[in-house]
Structure formats: structure tokens, C-alpha cells
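Since the structure comes first, as C-alpha cells, the remarks are kept for the end.
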Amino acid sequence: MEVVRVQTALVNRARQGDREAFDALARLVGDRCMAIAVRILRDTDLADDAVQTALITAWRDLRTLRDSNRFEPWLHRILTRECYAEARRRTRRSGVVRVLVLRDTDPGDVLGVDVRDQLDRAFRRLTLEQRAVLVFHHYLGLSTAEVADRLDLPLGTVKSRLHHAMTAMRASLAADERTPSLSQERPA
Amino acid sequence: MTASRDPDRLIRAFLGEGRTELPDASFDAVRAGIDRTRQRVVIGPWREPSMSTMFRLAGAAAVVAVVLAGAAIVTRPTVGPLASPQPSPSAAGEPSAGPTRLTYTWPGPLVAGDYSTSFSFDLDFEIAFTVPAGWESRDIEVVKGAAFVSFQLVANTFTDPCSNKETTPAVGPTVDDLATALVADPALRVTAPKAVQLAGYPGVSLTYDPAEGVSCVGEDSRTWALPADRILPVGPLGPPTWPLRAGTHRVWILDINGTRLVIDASAGPTPAAPLSAEVQAVVDSVQFGPLTHPITIGACTLNIDHQSSPPGQPLEVTLGPTLPGGLNGPAPNPFPSLGPVAWLNFRGEGWQEGRGSPGGPRMIPPPGATTTGFQTTTTVNGYAGSWVFDAPGTWWVKFTGDLSGCVRQFPVIVHPAP
Chain Y
1 MEVVRVQTAL VNRARQGDRE AFDALARLVG DRCMAIAVRI LRDTDLADDA
51 VQTALITAWR DLRTLRDSNR FEPWLHRILT RECYAEARRR TRRSGVVRVL
101 VLRDTDPGDV LGVDVRDQLD RAFRRLTLEQ RAVLVFHHYL GLSTAEVADR
151 LDLPLGTVKS RLHHAMTAMR ASLAADERTP SLSQERPA
Chain R
189 MTASRDPDRL IRAFLGEGRT ELPDASFDAV RAGIDRTRQR VVIGPWREPS
239 MSTMFRLAGA AAVVAVVLAG AAIVTRPTVG PLASPQPSPS AAGEPSAGPT
289 RLTYTWPGPL VAGDYSTSFS FDLDFEIAFT VPAGWESRDI EVVKGAAFVS
339 FQLVANTFTD PCSNKETTPA VGPTVDDLAT ALVADPALRV TAPKAVQLAG
389 YPGVSLTYDP AEGVSCVGED SRTWALPADR ILPVGPLGPP TWPLRAGTHR
439 VWILDINGTR LVIDASAGPT PAAPLSAEVQ AVVDSVQFGP LTHPITIGAC
489 TLNIDHQSSP PGQPLEVTLG PTLPGGLNGP APNPFPSLGP VAWLNFRGEG
539 WQEGRGSPGG PRMIPPPGAT TTGFQTTTTV NGYAGSWVFD APGTWWVKFT
589 GDLSGCVRQF PVIVHPAP
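For the record, the sequence lines run as chains Y and R. For the first sequence, counting from 1, position 54 maps to 54 in the working numbering; every step adds exactly one. For the second sequence, counting from 1, position 137 maps to 325 in the working numbering; every step adds exactly one.
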């Protein structure tokens, strides 16, 4: 609760034009925004840009926020739109493909390399809108009603996107079980 | 398989992976951004951008009403040859003695003047146009507020603006094919196509706006897909698409020597007469000419402030006071804590940014150097950045474009501080 009070106080100060307060506010919520954006976009550079733009937009439009207690949901809605916009801007502009950093396999890793690869490919085939719903529901742990509120979507749309996204993700795992992966096919 | 096969658990674990921290430099960039940005003044009761469905429908109806009221201005018919400064029906492929054209770069503000570009398309001609003051470039469109004039190649339409399913069978290649597809699109309210000429080239003109009841309007929606094989390489975010934006759009579908070019223009959802006139003026200024700035995928062009770096010729810089910015304007020293450094702004054309990710720009330092980095400027600008040098010796800068096939490495001789 203390964090919420601090956040609300910073929002109120920032709304009066206090840049130091907004700077502190940004540092309070920035990491969470980055986590969301990275998961929607699957690209840290794009996510970084989206978060920066969202925070600056939030500063610019802060006085349109009616309820200071709802700053973070409001910011997340802006952030999600910036993620969409950033992705589409980059897609039209240059179609950047980034090479993922391969990591060593951790024995305690819940996901194996193959499973991660399957899920990653399935996730990248989802629309950005489906990804966002998936991230807000399964990563942030929001209910579908809360996701609908946060993304300003009808509840039915959220449920539909979630259903399609999860179906696609589950299907990728099912396909993985049916078809040996390339690495499994290689001779030892 | 050692991992649990509970799919939902795996999906949650997958989503749990990844970065969760915003870099310090980004916080600094946000701070710099808010220092430059004034807050919007709100007059009247505060209003969150969120709207209930009912309010959204009422708002949409109001927007449509306003758009219809203003449509006579936005959709002023321009049938027949336009009064462009240099009408030249056979200009494509022929040199013309036109005015000096400015180089079109994006994104960013445009000075008022004449531009000529092929955007990021694989075209055999260039599109020339004139923008008044206050317009900005955004890749394939020039914008001023909500107004825009865009230049597009269209590969196919979508079954629904909310969906990413393309129409099957795909729209054919002719002007009439696309006009017919747009007229048949239930998400659009489209006027009957009229035969027109623009800059001497034949085509049709029509207007469209989102049909009543269409829920997906805005940057997250889709009206048509651009051809992945005629635009700079498409990445993992999918093929480029054009959103269904609110407002009345005037569309010209032209046949430029066999290439179907679409100009989609609008003064925005609530057009003001002066802005509508500017939109029309930009369209009226359009001409087509020979390709003078071809974008060749796989080639690199690198411009460095104040100096050029032809292949094989080292660039020389001296440690000490930072070099003033040139192409991108003055910028703060990105590494103030490192003491004396030299840094250079750069801008690339025909290659992709790398922003320090694998496959992107790399600096190969001389022995003894403490910096191994590459730093973009803090603003969101896909093709600009800066390199930092912090030790004397011969550095190498290597740029590798992930998809463009562009690999370039050149030496930078860094002299000690005087």
C-alpha cells in the first residue's frame, strides 16, 4: 500500500508539472513496463523505444488522467498502443530481424531448448493484439475482465484473442510432441 | 524431454522469461524527453482516453457526421490532368530538368520544399511531391497532425480489419482489381471509382471511410497488405500492413508503367479546411520521374558528420572535445563519465540499424581501449546513432545488416588528445 501511496502522490505532483516527480514515477514503473513490452514485442530494442515513448506520452497527457490511483493501468494502455505502433513502424520501415542470444541450458530450466523454440515461433506468429492479451493475462496475472479494462477492449474480444492465442501456443507444443525436432533427428 | 508437458505451465514459464529492467540510459532518455515536452493543457473535466462501448459508438457516429460534413472539402474531385508544376506523362525513365529535390529521410520533420524518393519500395521510378511547412515524414507517408498523404503498393486486402487473414483469392494486379476489391470490402464505405489521371498517369479515384459498426479502427487495424517482396525485408513482426484509420480517405489507384501505385490521403477524422487544402496541394504536386536515389538492398551508404568515409580510406578523429553534431544536430555526449572521448554521429541508408544487437554495428577497439560499445542517440530514430572512441589507436567499425546482406568494415584512426 505504501508503494501505491507513493505512486499516487508522485502522479499528483507530476500533474502539476513537477518533472522530478515524474522522473521518480518513471523509475518506479519503468521496469514493469519494460517487462510487458519485451514480452509483447519479443525484442528488447523495440521494447525500450516503446517504453520511452509511452512514458513521454504519459507525461504529456498526464492531466487527462482522471483518477491518480489508476495511473499504472492507464500507462499500460498507452504502452500497449506504443508497442503496436513501434512494431508496425519498424515493420514498414526496415523489417528488422534480430538474432536471439542463445543461452546455455540450465538443468533447472522448466523449458527445454526445443520447447522454447516451439513456443517462441508460435508466439511470433500471433498478432500483436493476441500477444498483448496473453501477456496481461498470463504474465501479469490479470483476469480477463481486468485485461479488458486495461486494454479498453470488450470482454468478448479479450476472451476470443486469449482463446486463439492459447490454442496456437498449445498446438505448437502438441506438434512438437508429434514431430521429432531437428536436433532429435540428428545422429548422435 | 525432461520438462513438464503441462502446456499452460510451459506457456507461463515461457512468458516469464526475458528482460524485466529498463536500462538506466532509457530512464535518462525519458527524463530528457519530458524536459523537452510540455504537458497538454486540459480544459474542462478530465477525461481518460478509455471509452465505454456505448460512448465509443456515439463518438464514432459523431465522427462520421463531422466527416460527412467535411467530406466535400476533403474529397474534392480532381478528374483529369492535374495542374502540377511540371506535368510530364512520360517522365518516368526520362531525365527531367525539374527543380532541385530535397532528400527524403524518415522519420522526422520536413522542411517545406520539393522531395523525390522511392521510399523503401523497390520501384523503377521516383515519386516527387511538395510539402508545405509543418509536415513530417513517416516512412511511406507525410503527415501533419492527423492528416497524411501516403504512397503505397498494395498486395492484398484483409477479410476484416480486426483480422490478419488476407482475402482469398488474393486481389489481382490491376487498378480495376483493387478498386473492385475495395468497393466489395464490407469494412469500408466506398464511393464509386472514377477514372482519373494524376501527373499524366491513368487510374481511378475513390473515397472510403470505415463502415458503420466496424470495431477495429486505428493503428491496430488492417485495410490492406503491402507486398513483402517489393519493400525492404520483412522481419518477424509480419508483413507490412496499412491500418484502417478514421476519417474520409481519398484514394488514387494509378498505373505507373505497369506498377500499381496507391495514394491514400486524408485530412484526418475532423478535417479543417486549411489542412484539407494542404493535403490536396501535396497530392496535386505529385510527379513521377526517373530513379535517382535507388535503394539497393545489400548495399551500404554511410554518412558521417563533417567527413566522408569512402571504402578503404580510414577516418581520423582526435580524442578530446567532442565533435559537434552535423547530420543529426547537436547531441549530448552519451558517455560523459568516461572523460575525454571522440564521438561521431552517423546516418546510414540502404542498411538496417543494429542498435548494438547481434548482427548490428560493432566497434572493434585497439588494445588498451576500455569502451567496446556502440551507442545510439536517445531519440527514436531508426537510422541514426553515434559511435564513441575512448583510446588512441586504430579502431574498426563493422556494420552487418541482418537481412540486407550489408557488411562493411572500415578503420577509424583515433589520435590521442592534444
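Where a beta carbon is used, it is the ideal one built from N, C-alpha and C, also for glycine. Quantities reported herein were computed from a predicted structural model and do not represent experimental measurements.
From the listed residues R:P357, R:D302, R:A461, the smallest Cα separation to F346 of chain R is found for R:P357. The count of Cβ pairs closer than 8 Å, one atom from the segment 334 to 352 of chain R and one from the segment 453 to 468 of chain R, reaches three, so the stretches are in contact.
Counting only Cβ-Cβ distances below 7 Å, H138 of chain Y has contacts in chain R at I199, R200, L203, in chain order.
A contact between stretches requires three or more CB pairs, one per stretch, nearer than 8 Å, and the segment 363 to 374 of chain R fails this requirement with the segment 42 to 50 of chain Y. Two segments are said to touch when three or more pairs of C-beta atoms, one from each, lie closer than 8 Å; by this definition the segment 133 to 150 of chain Y touches the segment 158 to 166 of chain Y. Interface flag for D348 of chain R against chain Y is unset, since no Cβ pair is found closer than 8 Å. By the Cβ rule, the segment 210 to 226 of chain R counts as touching the segment 12 to 28 of chain Y, because three or more pairs are nearer than 8 Å.
Among the CB atoms of chain R, none fall inside 8 Å of the CB of T167 of chain Y. Among the CB atoms of chain R, none fall inside 8 Å of the CB of L155 of chain Y. Between the alpha carbons of V158 of chain Y and V133 of chain Y lies a gap of roughly 7 Å. Under the DSSP assignment, D152 of chain Y falls outside any beta strand (DSSP E); it carries neither an H nor an E label. Nearest neighbour of G296 of chain R by Cα position, chosen from R:A220, R:E400, R:P580, R:E324, turns out to be R:E324.
Contact of G221 of chain R with chain Y by beta-carbon distance below 8 Å involves Q52, L55, I56, W59. For E354 of chain R, there is no enclosing alpha helix (DSSP H), as DSSP marks it with neither H nor E. The criterion of a C-beta distance shorter than 8 Å is not satisfied by V319 of chain R and V439 of chain R. Under the three-state reduction of DSSP output, R448 of chain R falls in the strand class.
Pairing Q475 of chain R with A316 of chain R gives a Cβ-Cβ distance under 8 Å. Cα atoms of P195 of chain R and D61 of chain Y: separation of roughly 40 Å, rounded to the nearest angstrom.
Excluding sequence positions up to five before and after R448 of chain R, its CB lies within less than 8 Å of the CB of L341, V342, P361, T362, V363, L366, I441, L442, all in the same chain and listed in chain order.
In terms of beta-carbon proximity, R228 of chain R lines the interface with chain Y, with at least one pair separated by less than 8 Å. Exclusion of the five residues before and after F71 of chain Y leaves Q7, V11, L65 as the residues of its chain whose Cβ lies within less than 7 Å of its Cβ. Residue environment for D43 of chain Y: buried (at least 16 other C-beta atoms within 10 angstroms of its C-beta). Within the DSSP bridge table, the entry for Y389 of chain R names R:L386 as partners. Here S351 of chain R is exposed. Its C-beta has fewer than 16 other C-beta atoms within 10 Å. Here DSSP, grouped into helix, strand and coil, assigns L79 of chain Y to helix. Residues of the same chain with a CB within less than 6 Å of the CB of W59 of chain Y, apart from the 5 flanking positions on each side, are F22 in chain order.
Boundaries of the beta strand (DSSP E) around D302 of chain R: 301 to 305.
Under DSSP, the beta-bridge partners assigned to A453 of chain R are R:V337, R:R438. Flagged as an interface residue toward chain R: C33 of chain Y, by a C-beta distance shorter than 8 Å. The continuous stretches of beta strand (DSSP E) do not include A21 of chain Y, which lies in the alpha helix (DSSP H) extending over residues 19 to 41.
Just measuring C-alpha positions, the residue of R:R226, R:L290, R:D408 sitting nearest D302 of chain R is R:L290.
Residue-level contact check: E146 of chain Y does not touch chain R, since none of the beta carbons of chain R fall below 8 Å from its beta carbon. One alpha carbon belongs to R131 of chain Y, the other to L203 of chain R, and they sit about 10 Å apart.
Within 10 angstroms of the beta-carbon of G435 of chain R lie 16 or more other beta-carbons, which makes it buried. Here D67 of chain Y is exposed: its Cβ has fewer than 16 other Cβ atoms, across all protein chains shown, within 10 Å. Taking 8 Å as the cut-off, the beta carbon of R32 of chain Y is found no closer than this to the beta carbon of L151 of chain Y.
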